[in-house]
Amino acid sequence: MGEVLSQSEIDALLSALSSGAVELEETSAEEKHKVKKYDFKRPNKFSKDHIRTLEMVHDNFSRIASNYLTAHLRTSVQIKVLSTEQTTFEEFIHSISNPTILMSFYLEPLSGIMLFETAPSFVFQVIDILFGGQGKTVLKTREFTEIEKNIIKRINLKLIEHLKLAWEDIIDVNVKFDNLETNPVLNQVMAPNEPVALITMSVQIAQNQSFLNMCIPYISIEKFIDKLVIQYKNTVTTNDDIDNKTRMQNNLMNVEVTGHVELGRTNITVEEFLNLSVGDCISLNKHINEPLDMFIKEKLHFSVYPGTVGKKLGVQIVEIIDKDVKDNA
-12 MGEVLSQSEI DALLSALSSG AVELEETSAE EKHKVKKYDF KRPNKFSKDH
38 IRTLEMVHDN FSRIASNYLT AHLRTSVQIK VLSTEQTTFE EFIHSISNPT
88 ILMSFYLEPL SGIMLFETAP SFVFQVIDIL FGGQGKTVLK TREFTEIEKN
138 IIKRINLKLI EHLKLAWEDI IDVNVKFDNL ETNPVLNQVM APNEPVALIT
188 MSVQIAQNQS FLNMCIPYIS IEKFIDKLVI QYKNTVTTND DIDNKTRMQN
238 NLMNVEVTGH VELGRTNITV EEFLNLSVGD CISLNKHINE PLDMFIKEKL
288 HFSVYPGTVG KKLGVQIVEI IDKDVKDNA
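The numbers in the sequence shown follow our numbering, run straight up by one, and end at 316.
Below, the structure written as structure tokens:
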């Protein structure tokens, strides 16, 4: 709680204001900094949650794209999101260089077109590396040749295909290429005042830094805008959850699977096999103290020790082999 002024202090303050010893404008100037202008002609379509989710999606995209370019160019590539903000389509078009590589595409089932811009510094550096250079020299901006446009088109198509993985936690999308343009002014795919989300990413290759821009118009994601608000799951366990878990366990317990334990293996000739008789001993590759292999549906899953359970033979599991790992052999 602030200090309460006495009547004499109030009188002294009023006297100072009337005499000019204290400027009233100094106090109101501080208040002016708290006022934020709002343009009703350009309403904020994207909320903070929408911007935060788009930034999270393109953080994932940056990591995936970094791995792809590092493997493709065989040099270290680092991509990270610098900023995510709302702007207008006209401001975006005038903020990028000319010439540039501006690719338009669709993310089905999202309606409307999206734009992916790669700066000339990025394009020339990637092409230099692909043609056998080191990618360390910064080339002067010039018009792109047809060969350069075709090469960077293939690279960019591979990059935007990774948006499928970046968006998979929100919605399943498919990338469909539309057009490639080098003069951004000629790319008039929407109204100049159309609000867009602009995601700017920096690319670090060798000692040079370049930039990528992803432009997402509001009309393209308007139908799915609710999916951009992350719903946090309730972690409180209810009685229904416990019942469902118990019912699932009971259903799984009734599933029958076949299994067998292998005592060991050995190789013998056909002649030795034909001469076998009752009482003969065959040496196996397992020592008497070694655990045995237990197979479930012909796949090795456990190491076990043999024993008895009551009057029946049984095994004790001592190790789980390749748990949760798929066999790709």
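Cβ coordinates follow ideal geometry from the N, Cα and C atoms, glycine included. In this text, all values refer to a predicted model and were calculated from it rather than measured experimentally.
query: What beta strand (DSSP E) runs, 3 residues minimum, are completely inside the region 121 to 150?
result: Counting only runs of 3 or more residues that sit fully inside the region 121 to 150, no beta strand (DSSP E) segment turns up.
- prompt: Should L117 and L102 be called a contact, given that it needs their Cβ atoms to be closer than 9 Å?
  reply: No, they are not a contact pair.
- prompt: Secondary structure at H37, three-state DSSP: helix, strand or coil?
  reply: Three-state result, H37: helix.
message: Using only CA atoms, which one of E78, S91, N143 lies nearest to V110?
response: Of E78, S91, N143, the residue nearest in Cα terms is N143.
query: So, are the CB atoms of T169 and G122 less than 9 Å apart?
result: Result no, Cβ atoms of T169 and G122 do not sit closer than 9 Å.
Top-ranked residue by Cα proximity to V64, from Q73, S53, T71: Closest by C-alpha distance to V64, out of Q73, S53, T71, is S53.
Per DSSP, cross-strand counterpart(s) of C202: BP columns for C202 point to L102, L185.
Cβ shell of Q99 (< 6 Å), same chain only, five flanking positions each side left out: According to the sequence as given, residue 99 is Gly; it is not Gln. The beta carbon of G99 is closer than 6 Å to those of P204, I206, S207 in its chain, skipping five residues each way along the sequence.
query: CB-CB under 7 Å to V291, same chain, minus the five flanking residues each way: which ones, in chain order?
result: The beta carbon of V291 sits closer than 7 Å to those of V248, P278, L279, M281, V302, Q303, I304, V305, all from its chain and outside the five residues before and after it, given in chain order.
Same chain, Cβ closer than 8 Å to H45, five either side skipped, listed in chain order: Closer than 8 Å at Cβ, skipping near neighbours: V68, T71, A153, I186, M188, M201.
Under 9 Å between C-beta atoms of P293 and L300: Contact check for P293 against L300 passes: the beta carbons are separated by less than 9 Å.
message: Just verifying my parser: in three-state terms, what is the DSSP assignment at N221?
response: The predicted model places N221 with a pLDDT of 49, which falls under 50 and marks its position as unreliable; any figure quoted below should be read in that light. In the three-state reduction of the DSSP assignment, N221 falls in the coil class.
- prompt: Terminal residues of the continuous alpha helix (DSSP H) containing V64?
  reply: Bounds of any alpha helix (DSSP H) do not take in V64; it lies within the beta strand (DSSP E) bounded by 64 to 75.
- prompt: Nearest to I147 by CA position, among M43, S49, T40, is which residue?
  reply: The candidate whose alpha carbon is nearest that of I147 is S49.
message: Quick check on the DSSP output: the beta strand (DSSP E) that includes E168 runs from which residue to which?
response: Taken as a continuous stretch (DSSP letters only), the beta strand (DSSP E) holding E168 covers 161 to 168.
- request: Following the continuous beta strand (DSSP E) through S84, name the residue where it begins and the one where it ends.
  value: Unbroken run through S84: none, as it is neither H nor E.
- prompt: Does the Cβ of A106 have 16 or more other Cβ atoms within 10 Å, making it buried, or fewer, making it exposed?
  reply: By the neighbour-count rule (16 or more Cβ atoms within 10 Å), A106 is buried.
- prompt: Does the region 154 to 161 come close enough to the region 173 to 183 that 3 or more CB-CB pairs lie under 8 Å?
  reply: Contact fails: fewer than three Cβ-Cβ distances are below 8 Å.
message: Starting from T295, trace the beta strand (DSSP E) in both directions and tell me its first and last residue.
response: Here the beta strand (DSSP E) through T295 covers 286 to 296.
- prompt: Looking at the structure shown, is M177 part of a helix, part of a strand, or coil, going by DSSP?
  reply: Coil at M177, not helix or strand.
field: Nearest-angstrom beta carbon gap, P179 and T75 [assumed within contact, 8 Å]
entry: Indeed, because the Cβ distance is near 7 Å, the residues count as touching under 8 Å.
message: Under DSSP, the beta strand (DSSP E) around I304 begins and ends at which residues?
response: I304: member of the beta strand (DSSP E) spanning 299 to 307, first to last residue.
- prompt: Quick one: Cα of S403 to Cα of G246, how far?
  reply: Past the edges of the chain, shown from -12 to 316, lies residue 403, and the structure says nothing about it.
query: Taking Cβ positions, are K163 and E95 nearer each other than 9 Å?
result: Less than 9 Å divides the Cβ of K163 from the Cβ of E95.
Cβ shell of K140 (< 7 Å), same chain only, five flanking positions each side left out: The beta carbon of K140 lies closer than 7 Å to those of L167 in the same chain, with the five residues before and after it left out.
message: Going by DSSP, what residue range makes up the alpha helix (DSSP H) through D230?
response: Run containing D230: 226 to 240, per the alpha helix (DSSP H) assignment.
query: What first and last residue would you give for the alpha helix (DSSP H) that runs through V110?
result: Run containing V110: 107 to 117, per the alpha helix (DSSP H) assignment.
- prompt: Assuming N161 contacts K151 under a Cβ cut-off of 8 Å, what Cβ separation, rounded to an integer in Å, is found between them?
  reply: Taking 8 Å as the upper bound for CB-CB distance, N161 and K151 are in contact here, some 7 Å apart.
- request: Taking all protein chains shown into account, decide if A184 is buried (16 or more other Cβ within 10 angstroms of its Cβ) or exposed.
  value: Buried is the call here.
Continuous alpha helix (DSSP H) stretch holding E259: start and end: E259 -> alpha helix (DSSP H) spans 257 to 261.
query: For I308, which residues of its own chain have a beta-carbon under 7 Å away from its beta-carbon, when the five flanking residues on both sides are left out?
result: Hits under 7 Å: L287, H288, F289, S290.
- request: Have a look at H274 and I255 and give me their C-alpha separation to the nearest angstrom.
  value: Looking at the two C-alpha atoms, the distance is approximately 18 Å.
query: Excluding sequence positions up to five away, which residues of its chain have a Cβ less than 7 Å from the Cβ of S82?
result: Around S82, the same chain offers no residue with a beta carbon nearer than 7 Å, after the five sequence neighbours per side are excluded.
message: Once the 5 residues before and after F79 are set aside, which same chain residues still bring their CB inside 7 Å of it?
response: Same-chain partners within the cutoff: V183, L185, C202.
- prompt: Is the distance from the Cβ of H59 to the Cβ of L215 below 9 Å?
  reply: It is not a contact, given that the beta carbons lie outside the stated cut-off.
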